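S.K.: Residue numbers (this note's numbering), protein chains in the order written: chain S, 33 to 293; chain R, 33 to 293. Ideal Cβ placement from N, Cα and C applies to all residues, glycine included. Computed from a predicted structure; not experimentally measured.
2 protein chains.
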Amino acid sequence: MSDYPTVSLIGSGRVAKQLGPALAKKGVKIAGLYGRNRVEAEKLAARLNTSLITDLSDPISSDLILIMVSDDAIPETVNALHPDFAGIVAHTSGSVPLQSISDRYRRGVFYPLQSFSFDKTVVWENVPFCLEAENDEDLNILGRLAETLSQRIHILSSEQRQSLHLAAVFANNFANLMFEYSEEILEKSNIDRSILHPLILETANKILMQTASQAQTGPATRGDMKTIAAHRKLLGEDNTLRSIYDTLTNEIYRRTHGKDL
Amino acid sequence: MSDYPTVSLIGSGRVAKQLGPALAKKGVKIAGLYGRNRVEAEKLAARLNTSLITDLSDPISSDLILIMVSDDAIPETVNALHPDFAGIVAHTSGSVPLQSISDRYRRGVFYPLQSFSFDKTVVWENVPFCLEAENDEDLNILGRLAETLSQRIHILSSEQRQSLHLAAVFANNFANLMFEYSEEILEKSNIDRSILHPLILETANKILMQTASQAQTGPATRGDMKTIAAHRKLLGEDNTLRSIYDTLTNEIYRRTHGKDL
Chain S
33 MSDYPTVSLI GSGRVAKQLG PALAKKGVKI AGLYGRNRVE AEKLAARLNT
83 SLITDLSDPI SSDLILIMVS DDAIPETVNA LHPDFAGIVA HTSGSVPLQS
133 ISDRYRRGVF YPLQSFSFDK TVVWENVPFC LEAENDEDLN ILGRLAETLS
183 QRIHILSSEQ RQSLHLAAVF ANNFANLMFE YSEEILEKSN IDRSILHPLI
233 LETANKILMQ TASQAQTGPA TRGDMKTIAA HRKLLGEDNT LRSIYDTLTN
283 EIYRRTHGKD L
Chain R
33 MSDYPTVSLI GSGRVAKQLG PALAKKGVKI AGLYGRNRVE AEKLAARLNT
83 SLITDLSDPI SSDLILIMVS DDAIPETVNA LHPDFAGIVA HTSGSVPLQS
133 ISDRYRRGVF YPLQSFSFDK TVVWENVPFC LEAENDEDLN ILGRLAETLS
183 QRIHILSSEQ RQSLHLAAVF ANNFANLMFE YSEEILEKSN IDRSILHPLI
233 LETANKILMQ TASQAQTGPA TRGDMKTIAA HRKLLGEDNT LRSIYDTLTN
283 EIYRRTHGKD L
C-alpha cells in the first residue's frame, strides 16, 4: 500500500468527487485537498479523511498534485502553487496541453476518459487513463497511480489526447444527441422511449466486435430509396431534423455507394 | 407446445435465417418454407427440418404466413399466395404499412426491432416485437408467437411503427455513424479505436437510467467555447466533418442555452 504515490487534490467538482474517493478507497494516501468552493472542499476533505488546504501557496508535501478544476482555471491554479513543490503537477483534462502547466514543475497529465455525472458512480476498472509526462520516471509514477483503479493505461501526447477528446465528442455527445432525436420522435408518436433501449445497447455492443463501418446497417447503407423517401415525408420540409437526416443519410450512402445520394 | 401457432415462412435472407431457427428451437411448428433463392431456401428448409414450398400459389396450411422479404417485394409476394389461405398473412418490416397486404387476407405485422447481421446471433429475449393486426383475435395469435421469443411485446399502429423505424435510424445508424467518425479521428492520430469502447458502452447504458437529454454532457452543453474553438481548429475548414461538428454542436448548445452558438 505504501508503494502508491501520495497525492494532494485540487478541486471539489465532478471529477474530484469521483476520483478522490476512488483513490482513497484503494489505499492511496491523500495528503490534502484544496477547493475554491470552501463549503464543498470541506465536505470532500472530511469524506476523504484528509486535511483541508486553505491556501494554495502553502508548501505541499506529496508525490503528486492532481488538478481537477475546469480547463480555464488550470493555469491560474498552477501559478498559485508554491514555487518549490518538487513533485509532479498533473491535470485531469482531455483537451489542455501538458505545456499549459508552468515548466517550473515536473508536468503531467492524468486524464480519465469518461463522462462524469454527479449522480452515477463510475466503474473505474473500465475507464481508460491517458497519461503524459516529460520523462519515464514521472510516467511511471502516474502509471502506478492509475493502476490502482484501472488496467487500461494509455500513454498519449497532448496532440493525441486532443484528437481523442474530439473523437469522444462524436462518440459520446453526438451519439447521445442522436438518442435525443430518437426519443423526441417516439414521444411525438406516443411510444415509450424504452422500446429503443435494446437496439441502442446492441449498437454499442456491436462495435466491440467490429468497426463501426462494418457494423453499419439501415436504409442508406442498403440504398433503400423508398424508405428514405418515406422518412423524409414523415420529417417534413425545412426543419433542422430533416436537414440533419438528409446530411447523415447522404454521408452513410456515400460510404457504401461511393457517390452522393 | 401445441398451443403455439403454426407458421409458414417466406424468405431466406437475414431475417428468415435468424427468426426461423429461433422459432423452431422454441418448438413452434414450421409448416413449410419458400424462398425465391432456391439454393438458400433449400438449405434453410433442411436446417428447420421442414418442407420446401416450391410454388407460392400452392395451398398452405398453417395459422400464419410470415413474409420476411425485402420491403419492395412484399406486395408481389402477397399477390402470389393462394387466394383461399385462411390464416394470418404477416410481414416483418418496420416501414411497410399493414394496408400494403391485400385485404383478401387477415393482415398482420410481426416486426422484431433489431439490427440483423448475418454473422451475429440475435439475443431474442431482448428484442421488442411490434405487432399489428385488424382484430384482437389475430393480435392474440401474433402475441402468442412473439412470446415464444421475447417478453417485450408492443402493439403499434402502422403510423407508430413508421415513426419508430425513423427513430431507430437515428438511434442506430446515425449513432453508429458518429462512432465511425470517432474511429476515423483516432486512426489519423494512431490511437487504437478500442480506447473509446468503455465510453461508448457508458453512453448507451446511461440512457437506460435517464433520458438522453438528461444524460448529455460535453463542451457544447457546458458552453465551453475554448474547447469548441480548439476542436474546430483541429477539424480544419470547409469539410464535411467540420460542418457536421458545427451543426451538432450548435444543436446541443441550443438545447441547453436556449440560443444559437
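1) How big is the Cα-Cα spacing for Thr180 (chain R) and Lys58 (chain R)?
2) Measure the C-alpha to C-alpha separation of Arg254 (chain S) and Val47 (chain R) and round it to an integer number of angstroms.
3) Note down, in chain order, each residue of its chain lying with its Cβ closer than 7 Å to the Cβ of Ala112 (chain S), except the 5 sequence neighbours on either side.
4) Curious, which full-length beta strand (DSSP E) runs of at least 3 residues does the segment 71–152 of chain R contain?
5) Report the CB separation of Val121 (chain S) from Ile99 (chain S) in whole angstroms; it is logged as a contact under 8 Å.
6) Have a look at the DSSP bridge pairing and note the partners of Ser40 (chain R).
7) Any C-beta of chain S sitting closer than 9 Å to the C-beta of Val159 (chain R)?
8) On a CA-only basis, which of S:Val201, S:Asn222, S:Ser189 and S:Glu212 is nearest Gln194 (chain R)? Give me that one, please.
9) At which residue ranges does the segment 174–241 of chain S contain complete alpha helix (DSSP H) runs of 4 or more residues, listed in the order of the chain?
10) What is the rounded straight-line gap between the Cα of Met33 (chain R) and the Cα of Val201 (chain R)?
11) Just the chain R side, please: which residues come within less than 7 Å of Lys258 (chain S) by C-beta, in chain order?
12) Roughly how many angstroms lie between the CA atoms of Leu196 (chain S) and Ser134 (chain R), to the nearest whole one?
13) For a cutoff of 9 Å on Cβ pairs, would you count Thr281 (chain S) as touching chain R?
14) Let me confirm a value: Ser93 (chain R) is counted as buried when at least 16 other C-beta atoms fall within 10 Å, else exposed. Which label applies?
15) Given that Phe117 (chain S) touches chain R, what residues does it touch there, using C-beta distances under 7 Å?
16) Does any residue of chain R have a CB that is nearer than 9 Å to the CB of Gln131 (chain S)?
17) Could you name the residues of chain R that Arg274 (chain S) contacts, counting a contact when the two beta carbons are closer than 8 Å?
18) What residue range is occupied by the uninterrupted alpha helix (DSSP H) comprising Leu293 (chain R)?
19) What residues match up with Ala13 (chain R) in a beta bridge as DSSP calls it?
20) For a test of the three-state rule: what should DSSP assign to Gly268 (chain R), helix, strand or coil?
21) Can you tell me whether Gly255 (chain R) is helix, strand or coil according to DSSP?
22) In three-state terms, what does DSSP make of Pro160 (chain S)?
23) Check whether the segment 225–236 of chain R touches the segment 38–54 of chain R, taking contact to mean three or more Cβ pairs, one atom from each stretch, closer than 8 Å.
24) DSSP on Val47 (chain S), reduced to helix/strand/coil?
25) Using a threshold of 9 Å, state whether the C-beta atoms of Val155 (chain R) and Pro144 (chain R) are closer than that.
26) Which residue's Cα is closest to the Cα of Ser132 (chain R): R:His186, R:Lys220, R:Ser190 and R:Met257?
27) Strictly below 7 Å CB to CB, what residues from chain R border Glu215 (chain S)?
28) Mind pulling the chain S residues with CB within less than 7 Å of Gln194 (chain R)?
29) Got a sec? Which residues, its chain only, sit under 8 Å from Lys238 (chain S) by beta carbon, not counting five neighbours each side?
30) Express the C-alpha separation of Phe142 (chain R) and Gly67 (chain R) in angstroms, rounding to a whole number.
31) May I have the straight-line CA-CA distance separating Thr259 (chain R) from Phe206 (chain S), to the nearest angstrom?
32) Within the 9 Å Cβ cut-off, does Met33 (chain R) reach chain S?
33) Any C-beta of chain S sitting closer than 9 Å to the C-beta of Met100 (chain R)?
34) Looking at the unbroken alpha helix (DSSP H) that takes in Gln246 (chain R), where does it start and where does it end?
35) Can a CB atom of chain R be found closer than 9 Å to the CB of Pro146 (chain S)?
M.R.: Based on what the coordinates show:
1) For the purposes of this step, residue 180 (chain R) is taken as residue 148 along the second sequence, with counting starting at 1. For the purposes of this step, residue 58 (chain R) is taken as residue 26 along the second sequence, with counting starting at 1. Their backbone Cα atoms lie some 6 Å apart in a straight line.
2) Here residue 254 (chain S) refers to the residue found at position 222 of the first sequence. Here residue 47 (chain R) refers to the residue found at position 15 of the second sequence. For Arg254 (chain S) and Val47 (chain R), the distance between alpha carbons rounds to 15 Å.
3) Position 80 of the first sequence holds residue 112 (chain S). For Ala112 (chain S), where only same-chain residues beyond five positions count, the Cβ hits under 7 Å are Leu88 and Ser89.
4) 96–99, 120–123 and 138–144
5) Along the first sequence, read from residue 1 onward, the residue named residue 121 (chain S) stands at position 89. Along the first sequence, read from residue 1 onward, the residue named residue 99 (chain S) stands at position 67. Right, the Cβ-Cβ distance comes to about 7 Å (below 8 Å), so this counts as a contact.
6) Locating residue 40 (chain R) in the second sequence gives position 8, where the first residue counts as 1. According to DSSP, Ser40 (chain R) bridges with R:Gly64 and R:Ile97.
7) Here residue 159 (chain R) refers to the residue found at position 127 of the second sequence. Yes, Val159 (chain R) lies at the interface with chain S (some Cβ there is under 9 Å from its Cβ).
8) Counting from one through the second sequence, the residue named residue 194 (chain R) turns up at place 162. Nearest option by C-alpha distance: S:Asn222.
9) 190–200, 207–220 and 229–241
10) As a position in the second sequence, residue 33 (chain R) is number 1, starting the count at 1. As a position in the second sequence, residue 201 (chain R) is number 169, starting the count at 1. In this prediction, Met33 (chain R) scores a pLDDT of 43, lower than 50, which makes its location untrustworthy; no coordinate-derived value is stated.
11) Your numbering for residue 258 (chain S) matches position 226 in the first sequence. By Cβ distance, chain R contributes Asp103 and Asp104.
12) Numbered from its first residue, the first sequence carries residue 196 (chain S) at position 164. Numbered from its first residue, the second sequence carries residue 134 (chain R) at position 102. Rounded to the nearest whole angstrom, the CA to CA distance from Leu196 (chain S) to Ser134 (chain R) is 53 Å.
13) Against the first sequence, residue 281 (chain S) aligns to sequence position 249. Yes - at least one Cβ of chain R is within 9 Å of the one on Thr281 (chain S).
14) Counting from one through the second sequence, the residue named residue 93 (chain R) turns up at place 61. With fewer than 16 Cβ atoms within 10 Å of its Cβ, Ser93 (chain R) is classed as exposed.
15) Numbered from its first residue, the first sequence carries residue 117 (chain S) at position 85. Chain R residues near Phe117 (chain S): none, gap ~26 Å exceeds 7 Å.
16) Position 99 of the first sequence, counted from the first residue, corresponds to residue 131 (chain S). It does not: the Cβ of Gln131 (chain S) has no partner Cβ on chain R nearer than 9 Å.
17) Indexing the first sequence from 1 puts residue 274 (chain S) at position 242. The premise fails here: Arg274 (chain S) is roughly 11 Å from chain R at the closest Cβ pair, so nothing lies under 8 Å.
18) Translated into positions along the second sequence, residue 293 (chain R) becomes position 261. It is not in any alpha helix (DSSP H) - Leu293 (chain R) carries neither H nor E in the DSSP assignment.
19) The first residue shown for chain R is 33 and the last is 293, placing residue 13 (chain R) beyond what the model contains.
20) Translated into positions along the second sequence, residue 268 (chain R) becomes position 236. DSSP places Gly268 (chain R) in coil when its eight states are reduced to three.
21) Counting from 1 along the second sequence, the entry for residue 255 (chain R) is found at position 223. Here Gly255 (chain R) sits in coil by DSSP.
22) Numbered from 1 along the first sequence, position 128 holds the residue referred to as residue 160 (chain S). In the three-state DSSP reduction, Pro160 (chain S) falls in the coil class, being neither helix nor strand.
23) no
24) For the purposes of this step, residue 47 (chain S) is taken as the residue at position 15 of the first sequence. Residue state, collapsed to three classes: helix.
25) If you number the second sequence from 1, residue 155 (chain R) lands on position 123. If you number the second sequence from 1, residue 144 (chain R) lands on position 112. Against a cut-off of 9 Å, the Cβ pair of Pro144 (chain R) and Val155 (chain R) comes out as no contact.
26) Start at 1 with the first residue of the second sequence, and residue 132 (chain R) comes out as number 100. Cα-wise, what sits closest to Ser132 (chain R) is R:Ser190.
27) On the first sequence, position 183 is the one that residue 215 (chain S) refers to. Per Cβ cutoff of 7 Å: Thr243 and Ala244.
28) Here residue 194 (chain R) refers to the residue found at position 162 when the second sequence is read from its first residue. Ala262 and Leu266, listed in chain order.
29) Numbered from its first residue, the first sequence carries residue 238 (chain S) at position 206. These residues qualify, in order along the chain: Ala247.
30) Along the second sequence, read from residue 1 onward, the residue named residue 67 (chain R) stands at position 35. Along the second sequence, read from residue 1 onward, the residue named residue 142 (chain R) stands at position 110. Between Gly67 (chain R) and Phe142 (chain R), the C-alpha separation is close to 18 Å.
31) For the purposes of this step, residue 259 (chain R) is identified with residue 227 of the second sequence, where counting begins at 1. For the purposes of this step, residue 206 (chain S) is identified with residue 174 of the first sequence, where counting begins at 1. Cα to Cα, Thr259 (chain R) sits roughly 15 Å from Phe206 (chain S).
32) Counted from its first residue, the second sequence places residue 33 (chain R) at position 1. Residue placement at Met33 (chain R) is poorly supported in this model, since its pLDDT is 43, which falls under 50; the coordinates still yield a value, given next. No - not a single Cβ of chain S is within 9 Å of the one on Met33 (chain R).
33) To locate residue 100 (chain R), count along the second sequence from 1; it is residue 68. Not closer than 9 Å to any Cβ of chain S, the Cβ of Met100 (chain R) fails to qualify, so no.
34) What you label residue 246 (chain R) is simply residue 214 of the second sequence in a count that begins at 1. For Gln246 (chain R), the uninterrupted alpha helix (DSSP H) segment begins and ends at Ala244 to Ala247.
35) Along the first sequence, read from residue 1 onward, the residue named residue 146 (chain S) stands at position 114. The sequence shown places Gln at residue 146 (chain S), rather than the Pro named in the question. Cβ-Cβ to chain R under 9 Å: yes for Gln146 (chain S).
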